[in-house]
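Notes to accompany the following structure.
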Amino acid sequence: MNMNTFRDITGTHKTVGSPMLVIALLLTALLLAACGSSGGTTTGSSGTQNTPTTIGTTVTGLQGATPTTNPAHATPTPGPSASAVPFTSIRMLDSQNGWATTSTALLKTTDGGWHWHNVGPTNTTLKFARGEFFSSQIAWVATQVANSSNPYAIEVLRTLNGGQSWQTSTLTTDNEHGIMGPPNFVNTQNGWLELSSSGGPAAGSEAVEIYRTTDGGQTWTKVSATTNEQPNGGLPLGGIKSGISFKDTQNGWATASYYATNNAWLYVTHDAGKTWQKQSLPLNLNASNSEYDTTPPVFIGNDGLLPVHVSTSTQPVLDFYITHDGGQSWTPELLAPFNATNTYVVDMAHAWATDTSSNVFYRTVNGGVSWQKEQSAGQTIDALSFINDSEGWAIGSPNDKPVLLHTTDGGQTWQHINYAIQ
Numbered sequence: 010m011n012m013n014t015f016r017d018i019t020g021t022h023k024t025v026g027s028p029m030l031v032i033a034l035l036l037t038a039l040l041l042a043a044c045g046s047s048g049g050t051t052t053g054s055s056g057t058q059n060t061p062t063t064i065g066t067t068v069t070g071l072q073g074a075t076p077t078t079n080p081a082h083a084t085p086t087p088g089p090s091a092s093a094v095p096f097t098s099i100r101m102l103d104s105q106n107g108w109a110t111t112s113t114a115l116l117k118t119t120d121g122g123w124h125w126h127n128v129g130p131t132n133t134t135l136k137f138a139r140g141e142f143f144s145s146q147i148a149w150v151a152t153q154v155a156n157s158s159n160p161y162a163i164e165v166l167r168t169l170n171g172g173q174s175w176q177t178s179t180l181t182t183d184n185e186h187g188i189m190g191p192p193n194f195v196n197t198q199n200g201w202l203e204l205s206s207s208g209g210p211a212a213g214s215e216a217v218e219i220y221r222t223t224d225g226g227q228t229w230t231k232v233s234a235t236t237n238e239q240p241n242g243g244l245p246l247g248g249i250k251s252g253i254s255f256k257d258t259q260n261g262w263a264t265a266s267y268y269a270t271n272n273a274w275l276y277v278t279h280d281a282g283k284t285w286q287k288q289s290l291p292l293n294l295n296a297s298n299s300e301y302d303t304t305p306p307v308f309i310g311n312d313g314l315l316p317v318h319v320s321t322s323t324q325p326v327l328d329f330y331i332t333h334d335g336g337q338s339w340t341p342e343l344l345a346p347f348n349a350t351n352t353y354v355v356d357m358a359h360a361w362a363t364d365t366s367s368n369v370f371y372r373t374v375n376g377g378v379s380w381q382k383e384q385s386a387g388q389t390i391d392a393l394s395f396i397n398d399s400e401g402w403a404i405g406s407p408n409d410k411p412v413l414l415h416t417t418d419g420g421q422t423w424q425h426i427n428y429a430i431q
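The opening position of the sequence shown corresponds to residue 10 in the numbering used here, with each subsequent residue numbered one higher.
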């Protein structure tokens with residue numbers, strides 16, 4: 010099925026007052042990666058691109074410029090201003106410029122997260138939007154829409170000028186679909202989008218469809234879908250899907266939660282998503298008789314990190330699987346002493362995560378071989394975004410109260426940003 014509707018939409022520019030975020034976006038990825046982050050795993054550049062991808066629960070991001078200091082904001086006032094609302098994702102590109110989403114708006118900042126302005130199209134209401142923020146100028150946002158002709162339509166918005174104007178492609182479906190993650194682009198032309206279909210499958214199963222574009226998001230074609238017997242090489246119904254991640258224009262991975270002992274759910278494609286084959290993961294010898302939940306890998310060239318949540322007999326923990334051969338083989342690292350819903354990978358050595366039970370920040374500087382315990386966030390963290398091994402942002406919304414944190418020392422200490430949305 011093709012999305013063949015492509016029209017221009019004028020963006021809204023709301024000027025921000027004068028006077029420094031996290032993606033939303035973390036573990037994805039690069040597209041570990043695709044670019045926005047709203048919980049999950051995010052990574053930095055993937056293959057030939059520099060786009061982070063957010064999927065599942067891990068986020069990784071791009072390496073950015075050296076952080077700069079803004080003396081006027083040396084002592085921020087804790088907590089956001091009255092005009093602020095909670096972010097649902099965040100993606101910082103450098104120390105000053107970044108993107109974020111709320112439940113209804115698409116935002117940009119040019120001062121490190123202190124002030125945000127709405128750059129979304131005026132005639133489109135965002136609903137469960139997921140964004141891929143490729144650069145300060147190029148972005149894609151997938152969102153559900155409800156119109157008189159089809160209440161189940163999915164739109165993919167695209168901007169090439171930082172939100173000054175938007176084009177939209179409309180995918181018409183015959184039942185309700187959920188957006189599994191942001192559009193996953195490996196360059197400005199080639200991308201994928203995974204949608205879940207409501208109703209039908211039994212508990213522990215989920216039907217999905219995967220769409221592909223080769224013209225920068227102007228048109229989309231369904232390349233595969235789940236099947237009962239997987240006769241045509243599609244993904245199986247079994248498993249609660251957590252997202253997809255592509256290393257280049259041909260090779261990608263699909264992940265899921267699968268409640269079966271010692272059986273990790275990981276599928277790989279070598280033909281741009283048309284057919285999928287199961288890929289076996291070696292079990293961590295320290296976690297036998299456990300359940301393995303996979304989230305999309307993050308690639309930097311042929312090196313990659315695959316975040317896996319392992320439910321042992323005592324507690325759930327995080328494990329990183331490593332590849333140095335483009336994903337042909339994976340090796341588990343030591344089990345981390347915590348479980349994480351947010352992981353952000355900035356390169357093969359540096360990653361951050363927050364413990365789901367204690368809200369404590371953890372950091373690794375050796376690719377998950379060991380983790381350093383940092384300070385507690387004091388509240389639930391929804392997403393992370395780092396631009397290098399020192400500077401990053403975190404978002405949260407405890408009790409629906411918006412929180413934006415900023416660090417310049419690799420996560421050892423965090424400061425509140427009293428941000429405003431205008």
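Glycine included, every Cβ here is placed at the ideal spot set by N, Cα and C.
Following the DSSP letters along the chain, one finds I188 inside the beta strand (DSSP E) bounded by residues H186 to I188. When secondary structure is reduced to three states using DSSP, A265 falls in the strand class. Here the C-alpha atom of N295 lies approximately 15 Å from the C-alpha atom of N348. Within 10 angstroms of the beta-carbon of A216 lie 16 or more other beta-carbons, which makes it buried. In the DSSP secondary-structure assignment, L115 is bridged to T110.
Secondary structure of N348 (DSSP, three-state): coil.
Residue state for L294 is assigned as helix, using DSSP reduced to three classes.
Checking the DSSP bridge columns, you'll see V217 partnered with S205. In the three-state reduction of the DSSP assignment, N193 falls in the strand class, which pools E and B. By the neighbour-count criterion, in which a residue is buried when 16 or more other Cβ atoms sit within 10 angstroms of its Cβ, N397 is buried. Secondary structure of P305 (DSSP, three-state): coil. Taking 3 residues as the minimum length, the beta strand (DSSP E) runs contained wholly in the region 314-343 are 325-332, in order along the chain. For L413, the uninterrupted beta strand (DSSP E) segment begins and ends at V412 to T416. From the listed residues S297, A212 and F143, the smallest Cα separation to S322 is found for S297. From the listed residues I309, N241, H318 and G313, the smallest Cα separation to K283 is found for N241. Straight-line spacing of the CA atoms in A362 and L344 works out to 14 Å.
In this structure, DSSP gives P407 a helical state, which the three-state scheme calls helix. Contact between the region 176-185 and the region 137-146 is absent: fewer than 3 CB-CB pairs across the two stretches fall below 8 Å. In the DSSP assignment, G140 falls within the beta strand (DSSP E) that extends over R139 to F142. Contact between I219 and S233 is confirmed by a C-beta separation of about 5 Å, below the 8 Å threshold. Around the beta carbon of Q198, fewer than 16 other beta carbons lie within 10 angstroms, which makes this residue exposed.
H126 sits buried, since 16 or more C-beta atoms from the chains shown fall within 10 Å of its C-beta. In this structure the region 307-319 touches the region 346-360; the number of beta carbon pairs closer than 8 Å is three or more. Residue pairing of Y428 in beta bridges, as defined by DSSP: absent, with no partner found. Assigned with DSSP and collapsed to three states, Q153 falls in strand.
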